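Here the protein sequences come in this chain order: A and B.
Under the working numbering, think of the first position of the first sequence as 23, with each following residue one higher.
Under the working numbering, think of the first position of the second sequence as -15, with each following residue one higher.
Think of the CB as a built atom: it goes at the ideal place given N, C-alpha and C, for glycine as much as any other residue.
Treat the numbers as computed from the prediction; the structure is a model and nothing was measured.
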Amino acid sequence: MKDPSKSLGANLQTHKTQSTAEQTMERLIFSLSELENLGQTLISGHTNFNHSSKTYLRITLGTLQIRRGAILRYHPTQQNLDVVAVTPDEIFPPVPVEPDELTALLQHAFIENAAPPEPLKHFFDRSAKLAEVIDIRLWVPLKIQDEFLGMIGLGKFLARDALEAWEKELLTTLAHQISIAIAYSQMVEGIQSEKFRLFMLAESAPQICQLLQPEEAAEQVVHQAVSLLDANAGALMLTNTDRQELEMNYAFPETLLEQTTTSPGSGNGRFISYGENASIPEELTSIDMLKSVVTEGLPGHCLPESDTLFGGRNLMAVPIPGRDGDILGILVVGDKEERGGRIAAFTDEDVILLDSFAKQAGVAIENARLHQEALEARQLQAEMEEARKIQENLIPDRLPDIPGYEVAGHYEPRGAVGGDYYDCIALPTGRWGLAIADVSGKGMQAALLMATLRAGLISELSRVKNIATENVEQNASTQGPLYTEIADMAMTLNSLLYASGTEEKYATFFYSHLNPETDILTTLNAGHNPPLLVRKDGTYKWLGEEVGGIPLGMFPNDMVSNIAEYEAEHVELMSGDVVVYYTDGVTETVNIEDDYYDEERLVEASIACKDEDAEGIRASLHKAVMDFQGEADQFDDLTLLILRKK
Amino acid sequence: MLNKFDIQIREGQEHAVIETAGYLNDALGEKLSEKARELIQNGHTQLVINLEKTTLINSIGISILIEIIEALEEREGTLNFCGLSATQERTFKMMALAKYAGIFPDEESAIANL
């Protein structure tokens, strides 16, 4: 590239000796050479006009033999002219341009600084400082068709007062080249931005869909949306369909969360109710706009002046669709920025872009949720297995031989761990404690509650002495020591379970105290299904049906006394009598037609097999229940304990 | 990390490292551009931009990085990036930044390859 100053010097040196025609010819050759340089600059690959504008200015000034000048670039969004290149190198503030001035600027090819047209007088006042420092004589508007792109300001012409006609033609060509460079730069910037956005859209989809933690997915969804839309803020709000509320799940910057705190139902930005009562007025606030996005399932946006949600940002929001067509939430971005830190309005293309991204975000959010649910299910499964092992260890492997009696038990876990328990415990002095219980809840907590109940029962039975020393006469009265001791034991167990669990954790419990010498069976019912006593003659009765308390662990002891005290009763067993203990898994077994097995069928089946031995009765009853169930699913444990007087 | 932005400069004898932290948008980008301009004017034409603490970049941030590359190219300087995430690295390749600037995993190797 030629050095214009050298060429200029050469021109001056030969000024005296060369004819005007020769000088003109030499300058024309130089100008052609500089025009080539201008073209080279244009296609050099430098995309940023502001960066190459100094080269354009240098070539223009050198070509026209002008010492000072400036190139100003117009920014339509901020409606001002930025001084992007200036000789001498000084910093000048942008010059605002009014819309009517823009029209006037487009109408002129050249404007004399000393004689501005009437509509541009104020503009010239505003640019007076720049004009003064550079000593601007001539302004050249830069434009392509009707688009105003900027201006060239030219200082004092060397050794002449005005440009010659051919110089003006040359200047017109230079100005056109510079206009093309600005337009090209704008176009490349636009293409780069779109290329970036499309790449980010394509790149972000697989990336966010691979995130398995819901929190991480939410964070990345917001970050990617903010980056994609050149926004300065963003938020993910998820729907709570039960409360008909949008809840802020993640916000960027995170200080937004602090600005929009407090509680559900407050409608303050972090929680936004969109239920029936949440009406949407005609004049939309930001919150109204967000409500309408989730209720109508369509994108929305509002301007900064709407209100002050998220610090008064201009917001755009789109719904996040789920697989089933439901709306998982909304994705919000705010403050779309432009170069120079200005905040721009979101465009229709922005809406389409964010809407496309929100569809991918929906997949990502659902993926993360499904993964989380699968993890929790696996964890629950493992817990169930553990609980099952604990529970099975609490059920006796084999039942003891009781003189004069037969016992048989059946425990069949079905589906989730329910917490059934039975036991037959040898007491000192040859008495026996028979217990059956059904612990509420499922999983580990139920298993631990059952373990607590069993430990408490064994402890109580070993500690309470009177239980082992009762006699028939004493038992004739409800005030007898055995009755009292059994009722006290129930209260102790109630207290133990109440202290170890929540309100939902309780156990139905039936205890029988058997004295094989007297054949007296003293019983206490704490909310359990009444066992069935079938006499040898085929008559039957329910034990503990009329005298019974509430399940253990449901209420504290002082409340139990007020509701229904635990009371014992007794029955004398005869040869051939059978007691069928069971849990609700037996009577609540359902068949394919959704009928319950119920107590009536249990009575029929028990009477039908009463003459078998205990093991035979157990097997027959189990078969009867299974036959009834048929192909139907069963979710509760099935437990039977049979006591038969030989 | 993303909510705050910050720029740290580490000047060596023949090179300088600019480390950014936060969202590389217009605000942080302009600061970065200003620092880069100062360093270039002071004769540092061997630059490393460490983006390890910048996990989020928008299109304006990208355009500012392109400008820095162009400014250095004019001075026949060199720019290397380091600390990029996998996505950032792919973005830089796609946006042709990687054509004019090196990409290295860490600051040490980025400096060594200036």
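Reduced DSSP secondary structure (H/G/I, E/B, other) of residue 400 of chain A: Residue state, collapsed to three classes: helix.
Which residues in the same chain have their Cβ closer than 6 Å to the Cβ of residue 285 of chain A, if we skip the five residues on either side of it in sequence? Low confidence applies to residue 285 of chain A: its pLDDT is 43, below 50, so where it sits in the model is not reliable enough to give any reading.
Indicate the three-state DSSP secondary structure (helix, strand or coil) for residue 428 of chain A in the structure shown. Correct three-state label for residue 428 of chain A: strand.
Answer yes or no: does any C-beta atom of chain A fall closer than 8 Å to that of residue 167 of chain B? A query on residue 167 of chain B cannot be resolved here, the shown segment of chain B reaching from -15 to 98 and no further.
Along the segment 72 to 86 of chain A, where does the CB come closer than 7 Å to a CB of chain B? Name the residues. Cβ contacts with chain B come from 73.
Interface residues of chain B around residue 217 of chain A at Cβ under 8 Å? In chain order: 78, 79.
Within 10 angstroms of its Cβ, does residue 343 of chain A collect 16 or more other Cβ (buried), or is it exposed? Buried is the label assigned to residue 343 of chain A, since at least 16 other Cβ atoms lie within 10 Å of its Cβ.
Rounded to a whole number of angstroms, what is the C-alpha to C-alpha distance between residue 668 of chain A and residue 533 of chain A? Roughly 21 Å separates the two Cα atoms.
Around the Cβ of residue 123 of chain A, are there at least 16 other Cβ atoms within 10 angstroms (buried) or fewer (exposed)? Buried: at least 16 other Cβ atoms inside 10 Å.
Which residues in chain A sit within 8 Å of residue 9 of chain B, going by Cβ to Cβ distance? By Cβ distance, chain A contributes 252, 254, 359.
Among A:478, A:365, A:538, which has the Cα closest to the Cα of residue 513 of chain A? Checked all of A:478, A:365, A:538; the closest Cα to residue 513 of chain A is A:478.
How about residue 261 of chain A and residue 316 of chain A: do their beta carbons lie closer than 8 Å? In contact: residue 261 of chain A and residue 316 of chain A (Cβ atoms closer than 8 Å).
Could you say which of A:155, A:172, A:110 lies nearest to residue 131 of chain A if we only look at CA atoms? Here the closest residue by C-alpha is A:172.
Of all the CB atoms in chain A, is at least one closer than 8 Å to the CB of residue 4 of chain B? Judged by the 8 Å Cβ criterion, residue 4 of chain B is not in contact with chain A.
Hey, does residue 120 of chain A have any beta-carbon neighbour from chain B nearer than 8 Å? Answer no: the Cβ-Cβ gap between residue 120 of chain A and chain B never drops below 8 Å.
Once you ignore the five residues that flank residue 249 of chain A on each side, which residues in its own chain have a CB closer than 8 Å to its CB? Excluding sequence neighbours, residue 249 of chain A sits near 222.
Proximity test, residue 172 of chain A beta-carbon vs the ligand NAD heavy atom, cut-off 7 Å: In the structure shown, the ligand NAD is absent, as is every other ligand, since no ligand is present at all.
Less than 8 Å between the beta carbons of residue 601 of chain A and residue 538 of chain A, yes or no? Residue 538 of chain A is positioned such that its CB atom lies no closer than 8 Å to that of residue 601 of chain A.
I'd like to check one pair, residue 595 of chain A with residue 543 of chain A: are the Cβ atoms closer than 8 Å? Yes, the pair counts as a contact, with Cβ atoms nearer than the cut-off.
Residue 528 of chain A to residue 386 of chain A span [Cα, whole Å]: When rounded, the separation of the alpha-carbon atoms in residue 528 of chain A and residue 386 of chain A is 41 Å.
Answer with yes or no whether the minimum CB distance from residue 73 of chain B to chain A is below 8 Å. Interface residue (Cβ-Cβ distance to chain A less than 8 Å): residue 73 of chain B is not classified as such.
In terms of residues, what are the limits of the alpha helix (DSSP H) holding residue 476 of chain A? Taken as a continuous stretch (DSSP letters only), the alpha helix (DSSP H) holding residue 476 of chain A covers 465 to 485.
Here's the rule: buried if 16 or more other CB atoms are within 10 angstroms of the residue's CB, otherwise exposed. What is residue 664 of chain A? Result: buried.
Chain B partners of residue 248 of chain A, CB-CB under 8 Å? Neighbours of residue 248 of chain A on chain B, chain order: 7, 40, 42.
Count the other CB atoms, across all protein chains shown, that sit within 10 Å of the CB of residue 77 of chain A; report buried if there are 16 or more and exposed otherwise. With 16 or more neighbouring CB atoms inside 10 Å of its own CB, residue 77 of chain A falls in the buried class.
Residue range of the beta strand (DSSP E) that includes residue 417 of chain A: Element bounds for residue 417 of chain A: n/a, residue is neither H nor E.
Environment of residue 467 of chain A [buried if 16+ CB atoms lie within 10 Å]: With 16 or more other CB atoms across the displayed protein chains lying within 10 angstroms of its CB, residue 467 of chain A is buried.
Let me check understanding here. Comparing Cα to Cα, which of A:546, A:228, A:392, A:443 lies closest to residue 414 of chain A? Among A:546, A:228, A:392, A:443, the Cα nearest to that of residue 414 of chain A belongs to A:443.
By how many angstroms is the C-alpha of residue 85 of chain A removed from the C-alpha of residue 112 of chain A? Going by the C-alpha atoms only, they are around 22 Å apart.
Mind listing which residues of the segment 51 to 71 of chain B have their C-beta closer than 7 Å to chain A's C-betas, in chain order? Only 51, 54, 55, 71 from the segment 51 to 71 of chain B bring a Cβ to less than 7 Å from some Cβ of chain A.
Is there at least one Cβ from chain A nearer than 8 Å to residue 46 of chain B's Cβ? Closer than 8 Å: yes.
My guess is that residue 530 of chain A and residue 460 of chain A are in contact by the Cβ rule of under 8 Å, so how many angstroms apart are they, rounded? About 5 Å; that satisfies the 8 Å criterion.
Chain B within 8 Å of residue 362 of chain A, Cβ atoms only: The beta-carbon of residue 362 of chain A is placed less than 8 Å from the nearest beta-carbon of chain B.
If you follow the beta strand (DSSP E) that residue 36 of chain B is part of, which residue opens it and which one closes it? Per DSSP, residue 36 of chain B belongs to the beta strand (DSSP E) from 30 to 37.
Within the segment 239 to 278 of chain A, ranges of the beta strand (DSSP E) (whole runs, at least 3 residues): Runs of the beta strand (DSSP E) inside the segment 239 to 278 of chain A: 253 to 262, 267 to 274.
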